[in-house]
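According to the working numbering, the sequence shown holds residues 1403 to 2561 in order.
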Amino acid sequence: MALIIYVALELVAFNSPMVLATLELQLDEEQPAGTVVGDISAGLPPGVTATLFFISDHEGTGMKAQGIIETAKVLDREVRDRYNFIAVTMTGVTVEVTIKVNDINDHAPKFPRKKATFRIPEQTAIGTANNTGLSLSRMEMLAKRSPWRPGGEINGVLYLDLVVNTILDREKRSTYTLSLEAFDGGSPKRTDEMTLDITVQDINDNAPVFNQSRYHAIISENLQPGSNILQVFATDDDEGDNGKVLYEINRRQSDPDHYFLVDPQSGVITLNKPLDFEMRRVHELVVQAQDNATQPEVSNAFVTIHVRDYNDNQPTMTIIFLSEDGSPRVSEGAQPGQYVARISVTDPDYGEYANVNVSLEGGDGKFALTTKDNIIYLICVDRILDREERDTYELRVMATDSGTPPLRAESSFIIQVTDVNDNPPLFDQPVYRQVIPEVVFPGSFVLQVTARDKDHGPNGDIAYSLFQDQGAYNKWFSIDSVTGIITTHSQLDYEKNPNPSITVVATDGGKPPLSSTAVVNIVLQDINDNEPVFERNVYNVSIKENTAPGTCILEVTARDADGGSFGSISYSLSSGIKSASPSQFTIGKETGQICTTAVLDRDHGPASFDFTVTAVDGGGLSSVAYVKVDVVDINDNRPTFYPVNYAVSLSTQSAPGTSVVRVMAYDPDSGENGRITYKTAPGGASPYFTLNKDTGVISLSRSVFGKANSVIPMVISAQDGGGLVSLTNARVNISVVAGLVAPPVFEHAHYYFSIAEDVLRGTVVGIIQASVKTDSSRDISYTISSGDPVGYITVDPDTGALRTSLPLDHEAQSSLDLEVQARSGNPPAFGQTRVHISITDINDNPPVFSPSPYESLLLPEHTEMGTVVYRVQAEDQDSGANGQLSFDLFSPSGTQRTFSIDRSSGEIRLVGGLNYESTPRYDLQVIAKDSGVPQLSATFVLVVHVQAENDHGPVFDTLTYRVELKEGTPINKRFLQVRALNRETSGTGHFGPLSYHLRPDGDAAAFGIASDSGWLFVKSTLDREVKDMYLLTVLATQGHGQLKKTGSATVRISVTDENDNSPRFTQDRVFMAVKENMPAGSGFGHVSATDRDSGPNGRLSYRFLHPDRHFQINSHTGEINTKTVLDREQQSSYQANSVGSRWRFSTPQRHGHRLHHRP
1403 MALIIYVALE LVAFNSPMVL ATLELQLDEE QPAGTVVGDI SAGLPPGVTA
1453 TLFFISDHEG TGMKAQGIIE TAKVLDREVR DRYNFIAVTM TGVTVEVTIK
1503 VNDINDHAPK FPRKKATFRI PEQTAIGTAN NTGLSLSRME MLAKRSPWRP
1553 GGEINGVLYL DLVVNTILDR EKRSTYTLSL EAFDGGSPKR TDEMTLDITV
1603 QDINDNAPVF NQSRYHAIIS ENLQPGSNIL QVFATDDDEG DNGKVLYEIN
1653 RRQSDPDHYF LVDPQSGVIT LNKPLDFEMR RVHELVVQAQ DNATQPEVSN
1703 AFVTIHVRDY NDNQPTMTII FLSEDGSPRV SEGAQPGQYV ARISVTDPDY
1753 GEYANVNVSL EGGDGKFALT TKDNIIYLIC VDRILDREER DTYELRVMAT
1803 DSGTPPLRAE SSFIIQVTDV NDNPPLFDQP VYRQVIPEVV FPGSFVLQVT
1853 ARDKDHGPNG DIAYSLFQDQ GAYNKWFSID SVTGIITTHS QLDYEKNPNP
1903 SITVVATDGG KPPLSSTAVV NIVLQDINDN EPVFERNVYN VSIKENTAPG
1953 TCILEVTARD ADGGSFGSIS YSLSSGIKSA SPSQFTIGKE TGQICTTAVL
2003 DRDHGPASFD FTVTAVDGGG LSSVAYVKVD VVDINDNRPT FYPVNYAVSL
2053 STQSAPGTSV VRVMAYDPDS GENGRITYKT APGGASPYFT LNKDTGVISL
2103 SRSVFGKANS VIPMVISAQD GGGLVSLTNA RVNISVVAGL VAPPVFEHAH
2153 YYFSIAEDVL RGTVVGIIQA SVKTDSSRDI SYTISSGDPV GYITVDPDTG
2203 ALRTSLPLDH EAQSSLDLEV QARSGNPPAF GQTRVHISIT DINDNPPVFS
2253 PSPYESLLLP EHTEMGTVVY RVQAEDQDSG ANGQLSFDLF SPSGTQRTFS
2303 IDRSSGEIRL VGGLNYESTP RYDLQVIAKD SGVPQLSATF VLVVHVQAEN
2353 DHGPVFDTLT YRVELKEGTP INKRFLQVRA LNRETSGTGH FGPLSYHLRP
2403 DGDAAAFGIA SDSGWLFVKS TLDREVKDMY LLTVLATQGH GQLKKTGSAT
2453 VRISVTDEND NSPRFTQDRV FMAVKENMPA GSGFGHVSAT DRDSGPNGRL
2503 SYRFLHPDRH FQINSHTGEI NTKTVLDREQ QSSYQANSVG SRWRFSTPQR
2553 HGHRLHHRP
């Protein structure tokens, strides 16, 4: 081994304490111990010599005394490759010695293990290096069957990477086995070998493949959900989850409504929900197969499913209404032939099932159906419409296909007849007259006029205005365009015109608008201190019946000593002593002329009328006169026979002179006009009988022996004293029977029955029985021969049962006296009996106050106690205890100590002192109760205003204001301006300002008043069904402190009805029981409904929603009757629907309602 010595010299100054030099030596590893490495002296600086050295600790080398370095042991470079130590001479020169150990090829390469397994994904890119985790000492390497390259060298250690040289495909080859040999560069070279097993890992590089790209199936539309249709199949060459195929339907591209399902494992397609051929005949499915990889591969197949038709669809109708807004309505001005609606008819079924026939029902013949192609139908107007006569029609369109059995569709709708402006507004009266004080402030209430328009909507909206006449004083007045309230507009002047007249124009909102006018005559008045005085206190007058309406029969006259407006008089009719104000008469408010408003019929109505006429002057003072009108009879009625047919039996043993029968004719006329004479009609006489012309009695004139078993007819006519002859003659059949033949004999000569007036139609009143002594088995039949011309009662001809056939009313007729005849044998023999039926009263009428349930009066503060201040009048149409009234006074605490009422007469007396300052107003409520069960009652309100003694406070232009407001009037709507006259303030010589306010009570909460102007306005919603009358006390205050004075007036507000409530049945569902085999027309129950509206808006009528062949309902009473004889064995229950409610009828049966069998 060559020794290479590197010597570095460094010269230092002699006197340096230390000279530093370096010496680098090297030798090969594995040399024996004692091998000389080098001499330290070689590292001394030039000129420096030494034979003795001091050295630091060292390992692996030794040193002789002369500085020779040799190995102390065999060195191993792999254990240690370098040695360092310091040598110091005696003179202090230091030498740093470094010995490097050189490597020799003394180790073979060695793999960490002889065999390894390695995984590489298929499709790895060529050139990709895969870390194997193998490492070797630096050497040359050779892979026998695959390329390798170093992955890097760290501290002489090589890390090997496996490099892919070609594309791997698991599906073609899944494993590789490589032998790896490592060898170094020595000589001789040393080697090591290992085996590497490579598994090609599967990646998801293959998509599933269907066995066919398109599948086909044909199924029926009535296939049940859950049924299998077909199976799709796909394979995937990958392994594991990459090759596991799952199926699903692509919902984005097909079948979004989920008609079909596919089993994700098996690929079986099943029906998920019912199909409809008419909606879709072919279903295209995109079935998706995907593997179970993390990033799955997907492939698609197409499935075409054809649906076969099945007849399962009824026709469909599309109705398009041809109105402007598409709603079901038509103008009342539509002419016949004008189209109302277009109906398109289709049947989703295929083929012959699509042929549809369309029909129209309802509409009372006002509408018709037409078509040209049996596909498009048109509903058109067939007859002229009139909305004011009828504004809605219910139509039903039915479409029936040609299937077997046929399927049908129907649609019901209501056609609204819209209004055209064909009716002008009409005032309640053509001329109005009103008296007001001359001295009133502008804005004072004068009069409210009312016009009504039969049209609807804007056509019926009325706006009021004053006709601008240059010569009239219409500038004195103004009118509210909505309410029709006329108020003063400027100062009035009695001297310029004491009787101003204005023309009010009512204009509707139609296009073009229609209008009408009314004249308002206004009388201005001075101070009023005289009441009107009639020329007579009692007027008597007569009028012939049947006089044409509008005939004036009397003119009453009253005079007033006052002048100007105070002397003007207006007349009105009021009730009589024991009767209400008659509706058959009217009186001219200004003329006092009393005229008829209807035809008077003395024969079927009152023979006389008594009533009072009230004359009121311009200042509100009034007086009363009594009028009695006698209705004079005229011969306007012919005699009428009742009964018309008579049948009697007569024994052959009867002696001449025997009275056989009496015919009866009636004539409602009186006097000579009502006197009746009888005679036999031509050809209607018999030689065996004579007729009394005055009494109508037919008597036997000679023996009828030998005429046994024969019937002798007679015909009788009647004539009244005025010469009128009966239109229908009486026919008498006299049955002549042998002397031994016994007629039927009733068990009683007189029968007495009673029945309540509210029983149902068909109720049994009682049973009469007759028998024949000689042969009790002979058939007997019964008939009502007289006593019931209206037909309230019927008799069963076989059983003798008397039943009601019409509704009874005790107030109209309290009893019936019938003559019932029993007939038996041939020729027949007759027996008779009399039946008295008392119709008992039920408490079905409440008390009614007259003339109105609200009144007010003014009482001076100094009125004496004990004075009768008012007499309440009320009546009850019921009889007995049901019509017996008593009165009670109900009022706030303390009022009963001021007023009392006589419970029998209704007289209200003052029993306490009046004090305006403490109580200026009393609201008295009088309750009238009858004595029926259940007890019915009504309430009367009397408002008493106290007039202060020597009061100089403000005075209103009228004591009571009366105004009407519609319910639903908008909040804050002004409707009336009250005005008070401001009197001169004492000692000041001038007028102080007025302030208005409402007395705070229950009624005042709904209204407000402007304190400076006196305008009343609505504060809360008005609902007539909650409260229909308000009585307000308006106070006008003048001055302050001790000079403060107050005047008051009453405002009576009537809330008029709007049709804002629907009828409501007392029960939504009613169950009724009816016996089988009852005669047709028998009543068995009734339904009732209420409507909170009043007048025509609250008048109800009943009807079934659909006509029923078994039952009928009384449109006025709601009573339900049978139309046919019912048989429980054929049908045990029925159901009927009304407009807004439903009822169920059943013939009673066991375990619920028991069946009532009739033999």
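The beta carbon of each residue, even a glycine, is placed where N, CA and C say it ideally should be. Treat the numbers as computed from the prediction; the structure is a model and nothing was measured.
Go ahead and pull the three-state DSSP assignment for residue i.
i            : result
residue 1440 : strand
residue 1435 : coil
residue 2366 : strand
residue 2299 : helix
residue 1862 : helix
residue 1803 : strand
residue 2437 : strand
residue 2445 : helix
residue 2283 : helix
residue 1642 : helix
residue 2500 : helix
residue 2406 : helix
residue 2277 : strand
residue 1796 : strand
residue 1957 : strand
Taking the alpha-carbon positions, what's the residue i to residue j distance?
i            : j            : result
residue 1889 : residue 2422 : 24 Å
residue 2333 : residue 2276 : 14 Å
residue 1792 : residue 1985 : 28 Å
residue 2439 : residue 1996 : 43 Å
residue 1549 : residue 1442 : Any reading at residue 1549 needs caution, since the residue's pLDDT is 47, under 50, leaving its predicted position unreliable; the model's value is listed next. Approximately 52 Å, taken between the alpha carbons.
residue 1903 : residue 1862 : 27 Å
residue 2309 : residue 2259 : 14 Å
residue 1642 : residue 1596 : 31 Å
residue 1946 : residue 2055 : 53 Å
residue 2037 : residue 2075 : 5 Å
residue 1546 : residue 1522 : Note that residue 1546 scores 38 on pLDDT, short of 50, meaning its location in the model is unreliable; the coordinates nonetheless yield the value given after this. Using only the alpha carbons, I get a separation of about 19 Å.
residue 2119 : residue 2089 : 17 Å
residue 1795 : residue 1856 : 19 Å
residue 2221 : residue 2188 : 5 Å
Compare the Cα-Cα distances from residue i to each of the options and report the closest residue.
i            : options                   : result
residue 1882 : 1875, 1851 and 1910       : 1851
residue 1472 : 1503, 2317, 1491 and 1490 : 1503
residue 2328 : 2302, 2291, 2318 and 2355 : 2291
residue 2462 : 2374, 2050, 2370 and 2429 : 2370
residue 2442 : 2477, 2418, 2470 and 2396 : 2396
residue 2270 : 2303, 2289, 2400 and 2257 : 2303
residue 1658 : 1670, 1674 and 1429       : 1674
residue 2537 : 2377, 2510 and 1468       : 2510
Give me the DSSP bridge partner(s) of residue i.
i            : result
residue 1596 : 1582
residue 2228 : DSSP output for residue 2228 lists no bridge partner at all.
residue 2337 : Bridge partners of residue 2337: none, in fact.
residue 1523 : 1603
residue 2033 : 1945
> Does the stretch 2243-2257 touch the stretch 2219-2235, meaning 3 or more C-beta pairs lie closer than 8 Å?
Replying inline: no
>> Is it the case that the stretch 1689-1704 contacts the stretch 1718-1731, given that we only count it when at least three CB pairs across the two stretches are under 8 Å?
In response: no
> Are there three or more Cβ pairs, one per stretch, closer than 8 Å when the stretch 2518-2535 is compared with the stretch 2482-2490?
Replying inline: yes
> Contact between the stretch 2154-2164 and the stretch 2467-2475: three or more CB pairs below 8 Å?
Replying inline: no
> How do the stretch 2066-2080 and the stretch 2114-2129 stand: do at least 3 beta-carbon pairs fall below 8 Å, yes or no?
Replying inline: yes
>> Would the stretch 2427-2436 count as touching the stretch 2445-2458 if we require 3 or more Cβ pairs under 8 Å?
In response: yes
> Would the stretch 1689-1697 and the stretch 1642-1654 be scored as touching if the rule is three or more Cβ pairs under 8 Å?
Replying inline: yes
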